[in-house]
Amino acid sequence: MNIKVLAALAAAAVMAASVTACGKKTDDKDKTSESKAESSVAEKDTESTPEEDSAAESSEAPTESKPEEEEEKFNYIGEKDAKKADYSVKLTNGTEHEIIGFAINYGDGEYSENLIPDGEDFEIDEVRLFNWSHTVSGDVMMLGDFNVEITLDDGQRFELHGFPLTDMLSAEIRLMDEYAFLVYTNKIGDVKDTMKKEADIVEDEKEKEAAKTSTTTEAPIPEPEPETDTEPVTEPEPQPEPQTDTQAENSQAEQPQVTDQQNVDEQTW
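Residue numbers (mature numbering (1 follows the signal peptide of the UniProt record, and there is no 0)): -21 to -1, 1 to 248.
And the structure:
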């Protein structure tokens, strides 16, 4: 074979191989470029703008709770600041009268001044906070140590004996014809009332008053003397007193003297 022909064939083969290699490199470059482009797009997709981040945070943030409703405000009896008082209980006026006076005492002590603020009568069905602090040095407070006296708008006064201030959350003051009483909830949630206790106190006071009245008005009746079997004693008749010589002489002197002539005349007659 001609040497020139072989050389031409060899050159053609080299050129073909070169072209093939270049094409392969180009394809690899294109694939690499495409891969990088896809990765870049994916990263862009995963990345977010500040606005999107803010929106996402706002959507993912927990909803804020609404502010709690303000506590219902009540008028007060006693101390103005319930938080500073030793005891604070809700009282309802269920007497069907306005209460114009409210006083408290401890044990046998004197009643306090009127604890209802001036010009703020305790209205019918009104709910108020009774705030009170009481400290007695060296004394342990027990249930029933307090008493409360209420004055109604018609002038009637009633006493709530053994006012359970230390064991009470809320209470309603109610009224009967002769006494007032409490229906209250204690600190463990039990509902109690003082109706029977107040009724018994009224009955005891009535009995004492009746006994006192009967003792002062009724005079004692004397008991009859027992009869005896002895005969009645007759008193002796008075005897004339013996006359003395002087009295006899005086008696004769007082008698009229009869003369002899009178005797003669009488005899003649």
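Here a beta-carbon is modelled for each residue, glycine too, at the ideal position from N, C-alpha and C.
The beta carbon of Ile79 sits closer than 6 angstroms to the beta carbons of Asp100, Thr130 and Asp132 from its chain, once the five residues preceding and following it are set aside; these are given in chain order.
If you check the CB distance, Phe125 and Leu144 come in under 7 angstroms. DSSP, reduced to helix, strand and coil, places Thr74 outside both helices and strands of the structure shown, so it counts as coil. For Lys171, the enclosing beta strand (DSSP E) has its first and last residue at Val170 to Asp172.
DSSP, read as helix, strand or coil, puts Ile167 in coil.
The C-alpha of Glu184 is placed about 31 angstroms away from the C-alpha of Tyr66. Listed as beta-bridge partners of Asn93 by DSSP are no residues whatsoever. By DSSP's assignment, Ser149 forms a beta bridge with Lys69 and Thr164. Counting only the Cα atoms, Glu186 lies some 27 angstroms from Ala82. In terms of Cβ geometry, Asn72 and Ile152 form a close pair [threshold 7 angstroms]. DSSP, reduced to helix, strand and coil, places Ile103 outside both helices and strands of the structure shown, so it counts as coil. By a beta-carbon distance limit of 8 angstroms, Val68 contacts Phe109. Their separation comes to about 5 angstroms. The straight-line gap separating the alpha-carbon atoms of Leu139 and Ala189 is approximately 23 angstroms. In the three-state scheme derived from DSSP, where H, G and I count as helix and E and B as strand, Ala64 is classed as coil. The residues Thr71, Asn72 and Gly73, in chain order, have a CB closer than 8 angstroms to that of Asp104 in the same chain once the five nearest residues on each side in sequence are set aside. With distances taken between CA atoms, Asp146 lies nearest to Val170 out of Val170, Glu89 and Leu154.
When secondary structure is reduced to three states using DSSP, Glu188 falls in the helix class. Leaving aside the five residues that flank Glu157 on each side, the residues in its chain whose CB is nearer than 6 angstroms to its CB run, in chain order, Val181. In the three-state reduction of the DSSP assignment, Glu177 falls in the helix class, which pools H, G and I.
Taken atom to atom, the span from the alpha-carbon of Phe137 to that of Glu128 is near 6 angstroms.
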